[in-house]
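Position one of the sequence shown corresponds to residue 2 (the working numbering), numbered consecutively onward.
In what follows, a single structure is set out as structure tokens and then discussed.
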Amino acid sequence: MLIGTHLNPDGDALGSALAMSHYLDQIGVQNEVVCHHVPPRNLRFLPGVDRLRQQPKEEKHDLGILLDLDSSDRLGNTAPYFAPCERVIVIDHHVPHEAPGDLRVIDTSAPATAVILYRLLRDLDAAITPAMATCLLAGIVTDTGSFRFRNTTPESMVISAALLDLGGDLTAVSEEIFQSKSLASVRLLGRMLEAMRLESNDQIAWSALTIQDFEEAHARDEDTEGFVNEMLFITSVQISALLREPKAGKIRCSLRSRGEFDVASVARAFGGGGHVNAAGCTFDLPMAEAQSLLVEKLKTCLGSS
Ligand code: 5GP
Ligand code: MN
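Structural data, given as structure tokens:
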């Protein structure tokens, strides 16, 4: 079996993919895990992370399993490896964007793919090892922002308690994912906050990091993890956005919102996607053009929600 997940993988993507791989090992099913990107620095502690490769060793797998994935373009360079699979299963919690796969296990009310995977493993009477528990916890803790985001459900806390009981290492998850920032990352955060702009009575906050900002801070895109949330923490702010150009010519955009403000619709307007309160997209435009298009859409979103 070939396991895949989305590019720029986060704790839910990698945690779910690795937990699935551990489970398949356990029941004697040969498997591989692929991802377009190598794991970011703060996820290299995940048990089994070394099995992640950018291309599979085997030429053909009968079955593909995609976790935390809502559209096949998010597979990046790993997409062709799933084409020869006879069947592809998708386990995901995003609002369906393009609905890839033959068998789809989707629950958009689940805060994390790891929650859906836990339910499946429990129903299969799988023996959840401490390694699997740590991977699944990483998924839930990441996608609920350590149980602070609105998507946090009683079930996700009950499952997390069960995972702690099973030997999941919450201390490692919290410290590695949230408290192991590089100096470059903190310096870049300073630049982002300095460049922050406010619109619509301080209800929209946005900022942009240029290729020069990245170069001067010796930072990479993975160093911007969590930055967009910092702007949303301002009392008046309902929608925050961060544009960044870690490599010349490609602009990534992260969007966050409170309450009913639907930033997934903003992201979709530019070919991206995500959840109501957390979404993203990519612009193939110069920074100034991306900025004005985005800010205009954000104002519309604020006005229409
Ligand atoms: P982030 O801002 O953390 O990169 O992404 C926030 C959310 O939006 C994630 O759940 C992610 O899956 C989704 N997302 C980010 N970028 C894209 C994109 O380009 N396309 C789609 N479909 N979803 C995205
Ligand atoms: Mn997720």
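Backbone N, C-alpha and C fix where the C-beta goes; we use that ideal spot for every residue, glycine too.
All values derive from a computational prediction rather than experimental measurement.
Is Gly29 buried or exposed, if buried means 16 or more other CB atoms sit within 10 Å of its CB?
With fewer than 16 Cβ atoms within 10 Å of its Cβ, Gly29 is classed as exposed.
Any non-hydrogen atom of ligand 1 closer than 7 Å to Asn202 Cβ
With a threshold of 7 Å, the Cβ atom of Asn202 does not count as near ligand 1, since no heavy atom of the ligand is closer than that.
DSSP state of Phe215 mapped onto helix, strand, coil:
Reduced to three states, the DSSP call for Phe215 is helix.
With ligand 2 as the reference, list in chain order each residue whose Cβ lies under 7 Å from any of its heavy atoms.
Those residues are Asp11, Asp13, Ala14, Asp69, His94, Ala113, Thr114, Gly140 and Asp144, given in chain order.
Given a threshold of 16 other Cβ atoms within 10 Å of its Cβ, counted over all protein chains shown, does Gly16 qualify as buried or as exposed?
With 16 or more Cβ atoms within 10 Å of its Cβ, Gly16 is classed as buried.
Closer than 7 Å by C-beta to Cys302: which residues in its own chain qualify, once you throw out the five before and the five after it? Chain order, please.
Once the five neighbours on either side are set aside, the close Cβ partners of Cys302 are Ile240, Phe262, Asp263, Val264, Ser266 and Val267.
Considering only residues of the stretch 17-103, which uninterrupted beta strand (DSSP E) runs meet the minimum length of 3 residues and lie entirely inside it, listed in chain order?
Segments of the beta strand (DSSP E) lying fully in the stretch 17-103: 33-35, 64-68 and 88-93.
For the stretch 167-211, which segments carrying the alpha helix (DSSP H) assignment without a break, of at least 4 residues, lie completely within its bounds, in sequence order?
Taking only runs of at least 4 residues, the alpha helix (DSSP H) segments lying wholly in the stretch 167-211 are 171-179 and 184-196.
Hey, Leu194 and Asp224: beta-carbon distance below 8 Å or not?
At least 8 Å separates the beta-carbon of Leu194 from that of Asp224.
Can you list, in chain order, the residues of its chain with a C-beta nearer than 6 Å to that of Asp144? Leave out the 5 residues immediately preceding and following it.
For Asp144, where only same-chain residues beyond five positions count, the Cβ hits under 6 Å are Asp13, Pro112 and Ala113.
Are the stretch 131-138 and the stretch 46-63 touching by the rule of at least three beta carbon pairs closer than 8 Å?
Output reads yes: the stretch 46-63 touches the stretch 131-138.
So does the stretch 207-227 actually touch the stretch 235-250, counting three or more Cβ pairs closer than 8 Å?
Contact holds: three or more Cβ-Cβ distances are below 8 Å.
At least three beta-carbon pairs within less than 8 Å, the stretch 60-69 to the stretch 83-97
Between the stretch 60-69 and the stretch 83-97 there are three or more inter-stretch CB-CB distances shorter than 8 Å, so the stretches are counted as touching.
Status (buried if at least 16 other CB within 10 Å, exposed otherwise) for Leu104
By the neighbour-count criterion, in which 16 or more other beta carbons inside 10 Å mark a residue as buried, Leu104 falls on the exposed side.
Out of Glu60, Leu138, Arg149 and Met2, which one is the CA nearest neighbour of Asn278?
Ranking the options by Cα distance to Asn278, first place goes to Arg149.
Give the list of continuous alpha helix (DSSP H) stretches no shorter than 4 residues that lie fully inside the stretch 138-169.
Whole alpha helix (DSSP H) segments, 4+ residues: 155-166.
Run the proximity test for Asn9: is its beta-carbon closer than 7 Å to any non-hydrogen atom belonging to ligand 1?
Relative to the non-hydrogen atoms of ligand 1, the Cβ of Asn9 comes within a distance shorter than 7 Å of at least one.
Where the beta strand (DSSP E) through Arg253 begins and ends
From DSSP, the beta strand (DSSP E) with Arg253 extends over Lys251 to Ser258.
Which of the three DSSP states is assigned to Pro131 in this structure?
DSSP, read as helix, strand or coil, puts Pro131 in helix.
Assuming Glu231 is part of the alpha helix (DSSP H), what are its boundary residues?
For Glu231, the enclosing alpha helix (DSSP H) starts and ends at Phe228 to Leu233.
Helix, strand or coil for Leu336? Go by DSSP, reduced to three states.
An answer regarding residue 336 cannot be provided, because it is not within the stretch 2 to 306 covered by the chain.
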